[in-house]
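Asker: Got a structure for you, written out below as structure tokens; questions coming shortly.
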Amino acid sequence: MKVPALTFLVAVAAAVQIPLSYKWKSGPEDRPHYSTLEENDWPIDLSRYKDQMVVRLRGEAEDAVTSQFRSRLGSTDTKWSGVLRTLKEKKFNVWAHDPIQKTTDVQVNSTELADLMATFGITEPEFVIRDMAQAIYESYPKDYTSDQEQFRQQSIKEVTAADFRVLGDVFFKSYRPLDSINAWLDMVHQTYPDLVTIEEIGKTHEGRPYNVIHLSRAGSDVPHSDRRTIVVTGGVHAREWISVSTVLYCLYELLNQYEANPDRWDEWSKLDFLFIPVQNPDGYDYTWTTDRLWRKNRQPSSSSQESCVGIDIDHSYDYHWTKSEDTECGEDYSGEYPFEAIESKIWSDYLNSTNYDHKIWGYVDLHSYSQEILYPYAYTCQADPRDEENLIELAYGISKAIRMTSHKYYAVLPACLDKDSDMIPDLGAGTALDYMYHHKAYWAFQMKLRDSGSHGFLLPEKYIQPVGEEIAEGLKYFVRFILSDDR
């Protein structure tokens, strides 16, 4: 039985905590300063960020070709390497760096800022974020509170394409917590049962489901073992909310494409899509309840030297894995052995046992931030990826598709440069990119989404749809390339 459109919208709005009467606004000018509010009106405890800021260090820029050529020769920029090594040794919290422009964004408090300025002889700091607590407050949905009521589950049997588009326009106005995402995905499955299935492939340390969303046309004459699989993942680092929203948006856009032209999917009958919007469910949930800037999972390490929890899932894969220099408390902590992070082991087991016959042609792992398309390898700059010329050409094609959509430039680089593994080897070890490229995927990329540095990990919600649109176009270019590949 078809649910009336109004009933549908009310039901799902309740499930994802969206009041239908809500007037959406954008821009920080619509928000009061968090300090003027009662603490119980804060989404999380913001006092921990009160004295925090992000500043940018600048070195001497070089062009991408020079940088790549230097790294291939095994030559390092000793001055830049010294900056990175010093930051690591002094345990500064590095958010991101641009290996071409030689910029590094560092999170500090006022005491650390003085130390940073003295260490590097800085007289006038360049601020990326001056008021961390306010920026974090503004990253949460305007109607979100930490004691939000329990999500109502609704069974939605059928909705129209118009309803789906309207709901999507609302859903992607804000970032969404894990329960909202799961409610949304349940609705997507119930709306498109012949196209979308949700498979739980394991449980996290805290008992949350690790879900893979399949998008595939039912009734195709092409057997599963002959289909070309494309994997799109996000949210491996919990604080990178835009990567989660963008994976969901790519799924949403492909379904809208299907509604607009179902016959076109005949040519896509050779394809399977696997979407994992939240690779780190425990960490992602923690960013909504406790610490917006949490990065790792929430799993205790097998080491008992310190009381900190969490392993960087993206340093846990068993391909050129190296134990990181970071201790348990560090954000890049790799664990004590390969696949110690539960989530990486779940994904590997699924690919190699449960779904071993998937032929993965394309892999895209979404992160933030800095607007880059990174190709293998991450662990070293001195190993040549197979079919390198075509791999780079494909990356530039994806970058052009994005630029034609939004006029935003995504730089194309080997991942080793972004990771600085040419200077500090353990930083590029054990990545999902290298593991998937070496073992499973013929074409593999890591994409770092917007922006280029003015918001960092706290990209405002008004950019969710623009980023989703540009990456969806890049994904469609990737799909066309794979369909045209006759290997």
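Counting from 95, one number per residue, gives the positions in the sequence shown under our numbering.
Idealized CB from N, CA, C, for every residue including glycine.
Is Ser268 helix, strand or coil when you go by DSSP?
Answerer: Residue state, collapsed to three classes: coil.
Asker: Is it buried or exposed, Ala312, if we count other Cβ atoms within 10 angstroms and call 16 or more buried?
Answerer: Its Cβ having fewer than 16 others within 10 Å, Ala312 is exposed.
Asker: Identify the residues that DSSP records as bridge partners of His308: which are they?
Answerer: His308 is bridged to Thr291 and Leu368.
Asker: How many angstroms separate the CA atom of Tyr427 from the CA atom of Thr384?
Answerer: Cα to Cα, the separation comes out at about 20 Å.
Asker: Ordered along the chain, which non-local residues of its own chain (more than five positions away) have a Cβ less than 6 Å from that of Leu468?
Answerer: Only Leu507, Ala509, Asp512 and Gln540 meet the Cβ criterion.
Asker: Taking Cβ positions, are Lys534 and Leu445 nearer each other than 8 Å?
Answerer: Yes, Cβ-Cβ distance for Lys534 and Leu445 is below 8 Å.
Asker: What residues in its chain sit with their C-beta under 6 Å from that of Trp415, if we drop five residues either side in the sequence?
Answerer: Within the same chain, Trp415 has close Cβ partners Pro432, Ala523 and Gly524.
Asker: Within the continuous alpha helix (DSSP H) that includes Lys556, where are the two ends?
Answerer: First-last for Lys556: undefined, no H or E at that position.
Asker: Based on the DSSP secondary-structure assignment, which residues constitute the bridge partners of His191?
Answerer: Bridge partners of His191: Thr198.
Asker: Give me the Cβ distance between Tyr471 and Asp412, rounded to the nearest whole Å; I'm assuming they're in contact under 8 Å.
Answerer: Tyr471 to Asp412, Cβ: 15 Å. No contact.
Asker: Which residue from Ile407, Lys144 and Pro317 puts its Cα closest to that of Glu430?
Answerer: Glu430 has its Cα closest to that of Ile407, out of Ile407, Lys144 and Pro317.
Asker: Whole angstroms are fine: how far does the CA of Glu555 sit from the CA of Asp225?
Answerer: Answer to the nearest angstrom: the Cα atoms are 18 Å apart.
Asker: If Val149 sits next to Val200, beta carbons under 8 Å apart, how far is it from one beta carbon to the other, in whole angstroms?
Answerer: Confirmed, about 6 Å.
Asker: Please classify Lys390: is it buried, with 16 or more other beta-carbons within 10 angstroms of its beta-carbon, or exposed?
Answerer: Buried, since its Cβ has 16 or more Cβ neighbours within 10 Å.
Asker: Suppose you measure from the CA of Tyr531 to the CA of Ala477; what does that come to, to the nearest Å?
Answerer: Going by the C-alpha atoms only, they are around 13 Å apart.
Asker: Using only CA atoms, which one of Leu577, Gln559, Ile336 and Gly550 lies nearest to Met147?
Answerer: Nearest option by C-alpha distance: Gly550.
Asker: I'd like the list of long-range same chain contacts for Tyr503, defined as Cβ closer than 7 Å, with 5 residues on each side in sequence excluded.
Answerer: Excluding positions up to five away in sequence, the list reads Gln465 and Arg497.
Asker: Give the straight-line distance between the Cα atoms of Asp139 and Ile230, rounded to the nearest whole angstrom.
Answerer: Their backbone Cα atoms lie some 10 Å apart in a straight line.
Asker: If we call anything under 8 Å between Cβ atoms a contact, is Pro372 one with Ile275?
Answerer: Here residue 372 is Val; the residue named in the question, Pro, does not match the sequence. Yes, the Cβ-Cβ distance between Val372 and Ile275 is below 8 Å.
Asker: Which of the three DSSP states, helix, strand or coil, is assigned to His409?
Answerer: Correct three-state label for His409: helix.
Asker: Mapping the DSSP letters down to three states, classify Gly446 as helix, strand or coil.
Answerer: Reading off the sequence, residue 446 comes out as Asn, not Gly. If DSSP states are grouped into helix, strand and coil, Asn446 belongs with the helices.
Asker: Using a Cβ-Cβ cutoff of less than 8 Å, which residues in the same chain neighbour Asn350 once the five nearest sequence positions on both sides are dropped?
Answerer: Only Ala255, Phe258, Arg259 and Gly262 meet the Cβ criterion.
Asker: Take every Cβ of the stretch 358-371, pair it with every Cβ of the stretch 334-345, and state whether three or more of those distances are shorter than 8 Å.
Answerer: Yes: at least three Cβ pairs fall under 8 Å.
Asker: Hey, how far is the Cα of Val561 from the Cα of Glu567?
Answerer: Approximately 10 Å, taken between the alpha carbons.
Asker: Distance check for Arg142 and Ile223, CA to CA, integer angstroms please.
Answerer: Each residue's alpha carbon lies about 15 Å from the other.
Asker: Of the choices Ile440, Arg333, His127 and Thr474, whose alpha-carbon is the least far from that of Trp382?
Answerer: The shortest C-alpha separation from Trp382 is found at Arg333.
Asker: Nearest to Ala489 by CA position, among Pro375, Ile454, Lys542 and Ser447, is which residue?
Answerer: Per the Cα distances, Lys542.
Asker: Which one of Thr213, Gly547, Gln228 and Tyr473 has the shortest CA to CA distance from Thr130?
Answerer: Checking every option, the nearest Cα to that of Thr130 belongs to Gln228.
Asker: Would you mind giving the Cβ-Cβ distance between Ile440 and Tyr304, rounded to the nearest angstrom? I have them listed as a contact below 8 Å.
Answerer: That pair is a contact at about 5 Å.
Asker: Could you check how far apart the C-beta atoms of Tyr457 and Ala538 are, in whole angstroms? I think they sit under 8 Å.
Answerer: Between Ala538 and Tyr457 the Cβ distance is about 4 Å, and since that is below 8 Å, they are a contact.
Asker: Apply the 10 Å Cβ neighbour rule to Pro394 and answer buried if 16 or more other Cβ atoms are within range, or exposed otherwise.
Answerer: When all chains shown are included, Pro394 counts as exposed.
Asker: Among the candidates Arg480, Val177, Phe221 and Ile324, whose CA atom is the shortest distance from the CA of Gly547?
Answerer: Ranking Arg480, Val177, Phe221 and Ile324 by Cα distance to Gly547 puts Phe221 first.
Asker: Pick helix, strand or coil for Ala526, following the three-state DSSP scheme.
Answerer: DSSP places Ala526 in helix when its eight states are reduced to three.
Asker: Please classify His127 as buried or exposed, where buried requires at least 16 other C-beta atoms within 10 Å of its C-beta.
Answerer: Flag for His127 reads exposed.
Asker: According to DSSP, is Glu466 helix, strand or coil?
Answerer: Reduced to three states, the DSSP call for Glu466 is strand.
Asker: Of the residues Lys236, Leu309, Glu347 and Leu207, which one's Cα is nearest the Cα of Arg125?
Answerer: For the residues Lys236, Leu309, Glu347 and Leu207, the minimum Cα distance to Arg125 belongs to Lys236.
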